[in-house]
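Each residue of the sequence shown is one higher than the one before, counting from 5 in the working numbering.
Working notes, beginning with the structure itself.
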Amino acid sequence: MSQATLKARGITGPLAFFKNFLPRFALRLLGLALVDALAIWLLYFLIRDGVWPLAIVLVIVTLIANVINLTDRLYPLRWMSPAFVIIILLVLYPILFTVYTAFTNYSDGHLLTKIQTIRRIGQDQFLPEGGETVQWTGYRSESGEIVLWLTGEKGQTYLAHPNEPLQEAVSGEDGIGPLDESGVPTSIEGYVRMEVRDILPILDSVLAPLEFGEPPLTYKIKSIKEAAQLQPRYVYDEAVDAMVDQIDGTVYYADEKQGFFTSEEGKSLNPGYQVVVGLANFERLLNSPALRGPFIQVFIWTIVFAFFSVLTTFALGLFMALVLDDPILPARKLIRTFLILPYAIPGVIGILIWRGMLNQHLGVLTTNMVNLFGWAPGWFTDSLWSKVGILLVNLWLGYPYMMLICSGALQAIPRDIYEAADVDGASTWQRFWGITLPLLLVSVGPLLIASFTFNFNNFTVIYAYNEGRPPIPGTPTPAGYTDILISYTYRLAFESGRGAEHSYAAAITIVIFLVVATITLFQYRFMGRWEEISESV
5 MSQATLKARG ITGPLAFFKN FLPRFALRLL GLALVDALAI WLLYFLIRDG VWPLAIVLVI
65 VTLIANVINL TDRLYPLRWM SPAFVIIILL VLYPILFTVY TAFTNYSDGH LLTKIQTIRR
125 IGQDQFLPEG GETVQWTGYR SESGEIVLWL TGEKGQTYLA HPNEPLQEAV SGEDGIGPLD
185 ESGVPTSIEG YVRMEVRDIL PILDSVLAPL EFGEPPLTYK IKSIKEAAQL QPRYVYDEAV
245 DAMVDQIDGT VYYADEKQGF FTSEEGKSLN PGYQVVVGLA NFERLLNSPA LRGPFIQVFI
305 WTIVFAFFSV LTTFALGLFM ALVLDDPILP ARKLIRTFLI LPYAIPGVIG ILIWRGMLNQ
365 HLGVLTTNMV NLFGWAPGWF TDSLWSKVGI LLVNLWLGYP YMMLICSGAL QAIPRDIYEA
425 ADVDGASTWQ RFWGITLPLL LVSVGPLLIA SFTFNFNNFT VIYAYNEGRP PIPGTPTPAG
485 YTDILISYTY RLAFESGRGA EHSYAAAITI VIFLVVATIT LFQYRFMGRW EEISESV
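Right, here's the structure in full:
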C-alpha cells in the first residue's frame, strides 16, 4: 500500500508504519525463519555424520539468503536469490566436490565418513559366553509401541518392553490372555499380535536396533523367531582412536593414510572411511599401465570423433539450411519440420533404433545391403566400421541442431553483400566460400566449439551404440576401439574389477577437463582469425 493511499485514508504516523512496512517485514522474517530452521535441521545430520563439504556449502548458501533478504541495498537480488541457491547446490557444489574427491580415497569400501564408519562397525554384535537365546513373539499397540513375549531355554516367560526391566509373565495376569498350543498368549490387553507379514518389513529397520529390558539383562532381536543377549562386538575408544574387539581384546587403530581401522597384525575392519590422500590418484594415473597401453590410441580417436562429428553435422546442417533458405523451394515449413524430427527424439532411443537397423543378422539396413551387394559392414565387430557407424548415428542425431543455428545465422547476413558480389560476377561457389562461410562462422563459431567440447565427452552415443567395443586385444587395461576418454575413464574406474573408484574417476575427469580446456582455448584463438577475415569481407 503506497504512502499516498495511506494519507488519503487518513492513516499517518506510526499506524502507517504498521500498515505498510511491518506485515511485509514480518512475512520476510517468517520465510527466513523457516529456511533457517530447515538448514539447521539438515546441518545437524550432516555434522553428526561428518559430511563437512556439504555442511559448509549449506552454511554459505543460508548466509547468502539471509544477507540478501535482510539488507535493503540488496533488494534487487532478493528475487534472484533462489536462482543463486540452485546454481550453488546443483552446479558449483558438484564441481567442487568432484575436485575434492580427486584428492581422497572415495571408492567402494570407503564411501562413509569416519563417524559413519564407527557407527556402522559398532552395529556388529556377538553373543557373549553365558548369554541366553530365547524365542520371541511381538505385539504392537495402536500407537506403534512394541512389546515382546519371551520364552527362555528352560521355559520361563517374560514380558519385555524397550529399555524397561523384564517382567515375569503369567497367563491371566496383567491383561495377558490365554496361551495357544505353542505357549504364546493369543492376546495382550492394548496390543495386537504381530504376524510374519507384519514383522518382515520392519525387522531390520525398526526391531533390530531396539533393546528390550535393562542392563545387564537386555535382549536384542536376532532373527524372525530368536532374540538373544547380544552385545556390541566393537567399541570405539576415543582416547586411542581405535575400535576394540570385545571378544578377544584386539585393538584396531585408525589408519588415516589408508582409511581403515587396522590391528597391529595388519587385519582391517570393513568398511573403511574417507581420508585425504593428496596426489595419490594422479600419481596412480601417471604410473598406470593405461598410459603405456591404449591411452594414446583412445585419445587420438577421441579427437577424431569429436572433430568429424562437428564437421559432418555442421556440413549437413548447413547444406539443409541453404536449401531451405531458397524461397523457390515449395513446402519449406513442412520439410523443415520433418528434418527436425531427429532432434525431438530422445538420443538414447534414437541410438537404440539405429542399433536395431544395423544389427548384423536382423537389421533392416544390414540385410538389405547383403541382398543388394552380397556383403555388409561389421557395424559392431570391425574396428573401422564400428567407428563409421558411430559417426553415422551421431550425424543423424546432430544435424538438426546445426541446421537450426545455421538457418538463424543466414538470416543475419546482409543481402546487399550478395548483390554486390553478383555485380562483380562472383559465382555461387565464390559467394559461398568468400561471403557465406566466413560470416557464418563468426556467428556459429562459439557454438561449434561448444559442440566439439560436448562430443569430446559424448559418453551416451559411445556406450549406447556399442559400449566402446570391439575390444582392443592385448591391452593391460580394458579398452575398446571405439572408446573415447570419458568411456575409457568409466572402464578404468568402474569395470576394472576393483569396484567403483570414484576418486580415481574424479582425478581422470580433472585431467580430461584440462585437455578440453586447452583444446578449446586454441579453438577460440582460431575463431579470432575468422573474425579478422569477416571484417575484410
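We put the beta carbon where it would ideally sit given N, CA and C, even for glycine.
Original post:
Going by alpha carbons, who is nearest to PRO166 out of GLU287, THR317 and LEU152?
Top reply: The option with the nearest alpha carbon to PRO166 is LEU152.
**OP:** Below 6 angstroms CB to CB, which residues in the same chain sit around PHE456 once its five sequence neighbours on both sides are set aside?
**Re:** If we look at PHE456 and ignore the five residues flanking it on each side, its Cβ neighbours are ALA310 and VAL314.
Original post:
Using a Cβ-Cβ cut-off of 7 angstroms (strictly less than) and excluding sequence neighbours within five positions of PRO389, which residues of its own chain qualify?
Top reply: The sequence as given places Trp at residue 389; Pro does not occur at that position. Hits under 7 angstroms: PRO381, GLY382 and TRP383.
Original post:
Is the CB-CB distance between ILE307 and PHE460 below 9 angstroms?
Top reply: Yes, these two residues count as a Cβ contact at 9 angstroms.
Subject >> Three-way DSSP call (helix, strand, coil) for SER272 in this model >> reply: SER272: strand per DSSP, three-state reduction.
**OP:** Taking 8 angstroms as the threshold, find out whether the stretch 118-128 comes into contact with the stretch 140-156 through three or more Cβ pairs.
**Re:** Pairwise C-beta distances place the stretch 118-128 out of contact with the stretch 140-156, as fewer than three of them are shorter than 8 angstroms.
Original post:
Would the beta-carbon of ILE344 fall within 9 angstroms of that of PRO404?
Top reply: The criterion of a C-beta distance shorter than 9 angstroms is satisfied by ILE344 and PRO404.
Original post:
Would DSSP call ILE224 helix, strand or coil?
Top reply: A small correction: the amino acid at residue 224 is Lys; Ile does not occupy that position in the sequence shown. DSSP places LYS224 in the strand class (E or B) of the three-state scheme.
Subject >> Local conformation of TYR240 per DSSP, three classes >> reply: Residue state, collapsed to three classes: strand.
Subject >> ASP259: first and last residue of the uninterrupted beta strand (DSSP E) it sits in >> reply: Unbroken beta strand (DSSP E) run through ASP259: 255-259.
Subject >> Local conformation of GLY402 per DSSP, three classes >> reply: Three-state DSSP puts GLY402 in a helix.
Subject >> As assigned by DSSP and simplified to three states, the class of ASP76 >> reply: Look at ASP76 here: in three-state DSSP terms it is helix.
Original post:
Beta-carbon separation of THR440 and ILE417 under 9 angstroms?
Top reply: It is a contact, given that the beta carbons lie within the stated cut-off.
Original post:
Excluding sequence positions up to five away, which residues of its chain have a Cβ less than 7 angstroms from the Cβ of GLY135?
Top reply: Closer than 7 angstroms at Cβ, skipping near neighbours: ALA232 and GLN233.
Subject >> Nearest neighbour of VAL465, chosen from LEU496, SER491 and VAL446 [CA to CA] >> reply: Of the candidates LEU496, SER491 and VAL446, the residue whose Cα lies closest to the Cα of VAL465 is SER491.
**OP:** Kindly indicate which three-state DSSP category GLN278 falls into: helix, strand or coil?
**Re:** In this structure, GLN278 counts as coil in the three-state DSSP scheme.
Subject >> Unbroken alpha helix (DSSP H) run spanning ARG473, endpoints >> reply: Run containing ARG473: none; DSSP gives neither H nor E here.
**OP:** Check whether the stretch 166-177 touches the stretch 215-227, counting contact only when three or more Cβ pairs, one atom from each stretch, lie closer than 8 angstroms.
**Re:** Touching, yes, given that three or more Cβ pairs across the two stretches are closer than 8 angstroms.
Original post:
With 16 as the cutoff for other CB atoms within 10 Å, does GLY35 come out buried or exposed?
Top reply: Burial state of GLY35 is exposed, judged by a 10 Å Cβ sphere holding fewer than 16 other Cβ atoms.
Original post:
So what does DSSP say about TYR485, is it helix, strand or coil?
Top reply: Reduced to three states, the DSSP call for TYR485 is coil.
Subject >> Spatial distance of ASP249 from ARG124 (CA atoms) >> reply: Cα-Cα distance, rounded: 14 angstroms.
Subject >> Alpha carbon of TYR256 to alpha carbon of ARG359, nearest angstrom >> reply: Their Cα atoms are separated by approximately 53 angstroms.
Original post:
Three or more C-beta pairs closer than 8 angstroms, one from the stretch 480-497 and one from the stretch 330-349: is that the case here?
Top reply: No: fewer than three Cβ pairs fall under 8 angstroms.
**OP:** Leaving aside the five residues before and after PHE463 along the sequence, list all residues of the same chain whose C-beta is less than 6 angstroms from its C-beta, in chain order.
**Re:** For PHE463, where only same-chain residues beyond five positions count, the Cβ hits under 6 angstroms are ILE490 and SER491.
**OP:** Report yes or no: do three or more beta-carbon pairs, one from the stretch 88-105 and one from the stretch 501-516, lie closer than 8 angstroms?
**Re:** Segments in contact, yes.
**OP:** Work out the CA separation of PRO331 and ASN372 for me, nearest whole Å.
**Re:** Distance from the CA atom of ASN372 to the CA atom of PRO331, rounded to whole angstroms, is 37 angstroms.
Subject >> Secondary structure of MET84, DSSP reduced to three states >> reply: Assigned with DSSP and collapsed to three states, MET84 falls in coil, not helix or strand.
Original post:
Are the beta-carbon atoms of ILE51 and ALA41 separated by less than 9 angstroms?
Top reply: Inclusion of ILE51 and ALA41 in the CB contact set at 9 angstroms is not warranted, their separation being larger than that value.
Subject >> Residues that PHE130 bridges to, as DSSP identifies them >> reply: Its beta-bridge partners are GLN235.
**OP:** In the DSSP assignment, find the beta strand (DSSP E) that holds MET247 and state where it starts and stops.
**Re:** Per DSSP, the continuous beta strand (DSSP E) segment holding MET247 begins and ends at 246-249.
**OP:** Tell whether a beta-carbon distance below 9 angstroms holds between LEU211 and ILE304.
**Re:** Result no, Cβ atoms of LEU211 and ILE304 do not sit closer than 9 angstroms.
Original post:
Mind checking whether PRO565 and ILE180 have CB atoms under 9 angstroms apart?
Top reply: The shown model of the chain, from 5 to 541, leaves out residue 565, and the question about it has no answer.
**OP:** Please report the Cβ distance between GLY217 and THR117, rounded to the nearest whole angstrom; I am assuming they are in contact, meaning their Cβ atoms lie under 8 angstroms.
**Re:** The beta carbons of GLY217 and THR117 sit about 32 angstroms from each other, so the pair does not count as a contact at 8 angstroms.
Original post:
According to the neighbour-count rule (16 or more other Cβ atoms, all chains shown, within 10 Å of its Cβ), is SER111 buried or exposed?
Top reply: So SER111 ends up on the buried side.
Subject >> Extent of the continuous beta strand (DSSP E) run through GLY217 >> reply: Element bounds for GLY217: 216-218.
Subject >> Residue ranges of each alpha helix (DSSP H) within the stretch 340-369, 4 or longer >> reply: Taking only runs of at least 4 residues, the alpha helix (DSSP H) segments lying wholly in the stretch 340-369 are 351-361.
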